[in-house]
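Chemist:
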Amino acid sequence: MSQHEIALKINGETCTARVPARLTLVDFLRETLNLTGTHTGCEHGVCGACTVLLDGQPVRSCLIFAVQAAGCEVVTVEGLAPDAVGMSVLQDSFCEEHALQCGFCTPGMLLSAHALLQNNSAPSEEDIREAIGGNLCRCTGYKQIVQAIALAAQRLSVANAPTADLPKRP
Amino acid sequence: MTADAPTGFRYIGRRRRPKEDRRFVVGAGRYAADVMLPGMLHVALVISPHPAARITRIDATAALKLPGVRAVVAGDELAQATEPVFTGLDLPKMKRYPLAPGVVRYVGEWVAVVVAKTRALAEDAAELVEVEYEPLPHVIDPEAAMAPNAPPVHADHGSNVFYRRRFVWGAVDADFGAAPHTIAYRARWHRSATVPIETFGVLARWNPATQLLDVWASIQMPKFPDNLARALRLPGSAVRVHFDVDVGGSYGVKRGLKHSIVVGYLTRKLGAPVRLIEDRLDNMRGGDAHGPDRIFDVEMAFGDGGLVRAMKMRAIDDVGAYAGRAPLQLGKPVGAIVGPYRIRSVAYEPISVSTNKTPEEAVRGFGQSPTNFAIETGMDLIARKLGVDRVELRRRNLIRKDEFPYTIPSGSTYDSGDYHAVLDKVLVAADWNALMRRRDAARAAGRLAGVGLSCCLEPSGGNAAFEPLLNPKNETTTWMEGCHVKIDLTGAVVAAMGTSSSGQGHETLVSTVVGEMLERDPETIRVVHADSLGALPSNSPVGSRMAIMLGGAAAGAARKVKSQLIAIGAHNLDAAPEACVYADGAVALATDPARRLSWTQLVEIAHRKFHLLPPGMEPGLQATHVWEVPTGGALPTADGRVQMYPCYAFEAHVVYAEVDRVTGQTALRAYFVGHDCGVMINPDIVHGMTYGGIAHGIGAALYERFHYDGNGQLLGGSFMDYLIPSSHEVPDITIVDHCTPSPLTTFGQKGSGEAGYLGAPAAIASAVNDALAPLGLHIASLPMTVAALGDLLATKDRAK
Amino acid sequence: MKAVDFDYEQPRSVAETCRLLGETGREARLLAGGQTLAPLLAMRLARPAVVIDINRIEEFQGIDAEAESVVIRACTRQSRALADPIVQSRLPLLAKALSFVGHVQTRNRGTIGGSLANADPSAEIGLAALALDAEIEARSATASRRIPIGDFFISPMVTALAPDECLTVVRFPLPQGAVGTGFREASIRRSDFALAAVAVQLVLERGVCRSLAVSLGGAGATPVKLTAIEHKLLDTRLGDAELAEAGRLAHDAIDAVSDIHASAAHRRRIAGALTMRAIAEARDEALAGRA
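The listed protein sequences derive, respectively, from chains A, B and C.
Under my numbering, the first residue of the first sequence carries the number 1, and numbering increases by one thereafter.
Under my numbering, the first residue of the second sequence carries the number 171, and numbering increases by one thereafter.
Under my numbering, the first residue of the third sequence carries the number 971, and numbering increases by one thereafter.
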């Protein structure tokens, strides 16, 4: 079996491991590191549940082998909040709009949305739908997700941290 | 929300963040695949490549030689050690085991399982298991399967028909004879399902020291622990199902009983925790979670004005190779067989047919959405035939507000409703006339445009009267739900429910209801999912029942605790309970509110001061309530009339669609739905489920199909070919709420878990057919895919 | 859905890649973006003994503008190409095609060369490359050669590349004059594989078509250049009659496949209609002087 030493940064922390070549990044995150916030939905690159940020870009972690991520920076849903007890503005907005039900697609959805907001501070509805077009959700019909991302964009334009004073949904 | 929303509630019906959401947005949900135990073993499947074959030899020698492989188990071994999987119908000759013993009956059926240290190793070994087959004749088409000489799926059963009965309710023949007009049509609902993004997964650990089987599963299934224990020949007390596992979507299908039997057996055999997580291919072909696959032949008899007097409906349902609960999906629609209409006589002939396909499982609505589609297809056809406006036709047929409670021919009584008001509301919100103008302008510009409409009911409250209806040996007349509420010494309120959740927000439901009853902020109320050993009876979140049943159980338990509090207060105020008022958790004299006992004082007394308790009261503050379904409890009559479900929500959909004349692509450009599910406990949750139900309906109407070729091979078996709507295919949806409280429930609530899905396919079909009408085309087969519409449109091109 | 066990190599140069590919006795697969290969591995439809990961090779990255062409190196990510100002200004047809490729998440990994070498019949990049008369550069341990794109696609997932060859660069010649481009695709959902797709690039001179390239993909085994249309429509003003003729030619020319998503006849109908729409788009763009 082909085994490889890798070192990479995950949610800001350096991590080293010995992995078989065939181990996907999502299986590495979940099974080796116990970072179970990233979910496996199809393992063939369609559903988007396994979306993570790789060097800042949203990618499908079922289509990358862990060995390929050596030297890279990976951000998962566990790394989105500013600290261990809080939530990011985007996460808070998902709660505010009830942008989820079963929660299974949510981490991937959040990372795609997070990447969108990094590049586009005032996305249109079409921009939002395009950004999450590769993340399938079976519960919500997407509406409250689109609303939550729009709300987050609006809040981020006002402030950079979630507080009780942030705009609520009208 | 609207002027119609009931007032007087403190928490119910108000917007508040669902309790569950926070853990999911920070990645702290705990799904079955997230539970990992030391020494855990992994299962991979060996599956049948044949639609029908006899297994002549299985050789696992090479597989067992691979390092890391712990066991290979095939059908004969498992069948000897377990009882057959639960069957809903009375089919003593149809045996179903998780691993096929001797004969396989569909492509993807499990033949053997390989257990290894990792899933990858298990898959490596599964490839090395040698299985020899002797192919048998197979049958894929359900109508062909009904022929007397068809290849038998279960030779012992003697026929491929699992169930057939013709129910007649009312003077059907007389009504048909007297009616000036009739129509006859076929409506086809092809096989699709709700396909959650999380596949089914289960982990089991047998502890020989305690003789206890722990199970963590992504399950949504009534009586799952009992069924699992029975199959494993264990007492129920030896199986502990952990209901605090988050389920990553279900919508009916997460019924992995066979998976759970396999890992339950393996963990006992191997002495290590064993898990089986379906991958997507496992899930689609052998997860046994396909949905209804129906052929409706319908006749309607109606008057000059379009008032439908009678209906004959034959429904053939292709359940695939085995019958679990799925065939019962022909039974539930009996409870709303006339939809929201005043049809006075009905003949209904459900036929459950077996073919060599993946078995069917319960899907959102339990057969109601296909049935609604069949009925609504008729409504549009009648309007077209008589030249009556589709809206007007429905207005004439809808049950009127003053007719409730309204008993339909098949014996169910609809509790309440104002269908005309909801329809009017959605027409106003959608601006029906403007939509028609938009359609006409598009048509004038050469495009195919249509406006669709559907009205339908959501029977809710989840009784199981279809069980005795379709299986006389099954005398189930209760479908109860329980809840336990306690107040601890610190004054904190904890409620325990006895089932898992798959996104419906039950913790929010229970905390809101308990908070309402006890006048405590729901934010402060903890809701836990008791495991199956600690849980009160539950029938899981099926049949749009939890708002009604769990809500009712939680309210009942809270009411008992509240009367304890009042009794303690009254006793210590030297007053009769009737002379006291309860407000904000304190008990005071009605005549002198200054004389009161606070929440803290009441709790202290209950937990510490037995000497201050009323005589005969047990210490502590806790109560259970197990609620029987309102209107439940009766067996069907000899002619098959029964109260199916207690409550009936109503929805009216309006959709604007355009069909590309060449490509056959359908784009939904505007979507409105009027919805009345009584009192909403949490509007965001109800709305969310409705949006999502519509998205499911869009999939069933336009995109999703488990395709089989003539050789029984599944062609839509991955997400490359089974097409789930994305954010681009689901349009912005507008919900218009209306509230007609149910007189049967604690707060006037009705169910809403199947909302949207029940009417969307019919509405979209209506829109597509309106778009095709100028070409003289009609299609009554779902899904209306690009392939189907493209070929249909081509017939018109050639005709030109 | 776990891949078979394989060896993994991560060469640091093109030369090393070619050397590894040239080693005989092991079935090797190059891993670029992996957006097609990884699912094939997961489903065990691909079972290589060794996977050669070329993502870390500097020589494989980047986009260069030359005097008469634009050169895109094999491992350049699709998202980078889509955002690239050179591509946007000088290869508008490729930019249009790229916006139809997958989703943002897959474009962030998927590469230009990987898509070409993968030769999926419905892939947009190959389709655009065909209309643009691109040229593929390939290298082995012992030689290098240039392959005209017209000779590159052999059958589904099969190209003119030899087993020991690796695609290094794709070179797009630049058109001169009043250029217009059109790209039309019909798929079931927005980002699904094309049922049919058409790429068009043309040059108008005072409203008259002096150069025209039409390629069609998704419908058959490989993308095809519709030269009959090019000949027929050259020196016309691309009026309604010519467009209708082009649609007919496209409809009749192609050898379409049937599957659960569309019949062959339907694919031909779509191809015909998209051809008309794409040529009209390109014509109008050239007339508006946008290109």
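Ideal placement from N, C-alpha and C gives every residue a C-beta, glycine not left out.
For clarity, every value in this text was computed on a predicted model and none was experimentally measured.
#1: Select from Arg1160(C), His1231(C), Ala1067(C) the residue whose C-alpha is nearest the C-alpha of Leu885(B).
#2: According to DSSP, is Leu500(B) part of a helix, a strand, or is it coil?
#3: Compute the distance between the beta-carbons of Ile1249(C) and Ala1216(C), then report whether it is under 7 angstroms.
#4: What's the C-alpha gap between Pro800(B) and Gly505(B)?
#5: Output the residue ranges of the alpha helix (DSSP H) runs that lie fully inside the region 231-285 of chain B and measure 4 residues or longer, sorted by chain position.
#6: Taking the beta carbon of Ala588(B) as the centre, do at least 16 other beta carbons fall within 10 Å, making it buried, or is it exposed?
#7: What does Arg1154(C) touch in chain B if you count any residue whose Cβ is under 7 angstroms from its own?
#8: Note down the Cα distance separating Thr24(A) from Cys62(A), rounded to an integer number of angstroms.
#9: Are there three or more Cβ pairs, one per stretch, closer than 8 angstroms when the region 205-221 of chain B is compared with the region 284-296 of chain B?
#10: Is there a Cβ of chain C sitting closer than 7 angstroms to that of Ala969(B), yes or no?
#11: Could you name the residues of the same chain whose beta carbon sits closer than 7 angstroms to that of His114(A), not counting the 5 residues immediately before and after it, in chain order?
#12: If you draw a straight line from the C-alpha of Val757(B) to the C-alpha of Gly918(B), how long is it?
#13: Please classify Ile513(B) as buried or exposed, where buried requires at least 16 neighbouring CB atoms within 10 angstroms.
#14: Measuring CB to CB, does Gly141(A) end up less than 7 angstroms from Gly48(A)?
#15: Count the other C-beta atoms from every protein chain shown that fall within 10 angstroms of the C-beta of Ile1042(C), then say buried if there are 16 or more, exposed otherwise.
#16: For Ser93(A), which three-state DSSP category applies?
#17: Who are the Cβ neighbours of Phe976(C) in its own chain at under 7 angstroms, not counting the five residues just before and after it?
#18: Per the contact definition of three or more C-beta pairs closer than 8 angstroms, is the region 618-634 of chain B in contact with the region 229-238 of chain B?
#19: Can you name the residues that DSSP bridges to Phe1153(C)?
#20: Using 7 angstroms as the limit for Cβ to Cβ distance, is Lys1202(C) near chain B?
#21: Give every residue of the same chain whose Cβ lies closer than 6 angstroms to the Cβ of Glu73(A), excluding the five residues on either side of it in the sequence, and list them in chain order.
#22: On a CA-only basis, which of Glu637(B), Leu928(B), Pro785(B) is nearest Trp359(B)? Give me that one, please.
#23: Output the distance between the C-alpha atoms of Ala173(B) and Gly461(B), rounded to the nearest integer angstrom.
#24: Quick one: which chain A residues come within Cβ less than 7 angstroms of His898(B)?
#25: Going by other Cβ atoms of all chains shown within 10 Å of its Cβ, with 16 needed for buried, is Glu1135(C) buried or exposed?
#26: Which of the three DSSP states is assigned to Met606(B) in this structure?
#27: Out of curiosity, what's the CA-to-CA distance linking Ala1044(C) and Phe1142(C)?
#28: Report the option in Arg1079(C), Gly1080(C), Ile1095(C), Val1074(C) whose CA atom is closest to the CA atom of Leu1086(C).
#29: Quick one, which of Glu986(C), Ala1164(C), Leu1068(C) has its alpha-carbon nearest Ala1156(C)'s?
#30: Going by DSSP, what residues sit across from Met483(B) in a beta bridge?
#31: Grouping DSSP H, G and I as helix and E and B as strand, with all else coil, what is Trp339(B)?
#32: Going along the region 80-100 of chain A in order, which residues come within less than 7 angstroms of chain B, judged by CB to CB distance?
#33: Against chain A, with Cβ distances strictly below 7 angstroms, would Arg1238(C) count as a contact?
#34: Mapping the DSSP letters down to three states, classify Trp649(B) as helix, strand or coil.
#35: Starting from the Cα of Asp488(B), find the closest Cα among Gly960(B), Ile695(B), Lys527(B), Val299(B) and give me that residue.
#36: Can Val751(B) and Ala760(B) be called in contact, C-beta distance under 7 angstroms?
Modeler: Per the coordinate set shown:
#1: His1231(C)
#2: helix
#3: yes
#4: 15 angstroms
#5: 231-235, 245-251
#6: This sequence places Asp at residue 588(B); Ala is not what is there. Under this definition Asp588(B) is a buried residue.
#7: Residues of chain B passing the Cβ test: none, with the nearest at roughly 10 angstroms.
#8: 6 angstroms
#9: yes
#10: Caution applies to Ala969(B), whose pLDDT of 46 falls short of 50 and renders its modelled position unreliable; the model cannot decide the point.
#11: Leu80, Leu90
#12: 26 angstroms
#13: buried
#14: no
#15: buried
#16: helix
#17: Pro1018, Ala1019, Val1020, Val1021
#18: no
#19: Ala1169(C)
#20: no
#21: Lys9, Asp55
#22: Leu928(B)
#23: Only weak support exists for where Ala173(B) lies, its pLDDT of 41 falling under 50; the coordinates are left without a value.
#24: Arg129, Gly133
#25: buried
#26: helix
#27: 13 angstroms
#28: Ile1095(C)
#29: Ala1164(C)
#30: Val468(B), Tyr518(B)
#31: strand
#32: Ala81, Met87, Gln91, Phe94, Cys95, Glu96, His98, Leu100
#33: no
#34: coil
#35: Lys527(B)
#36: yes
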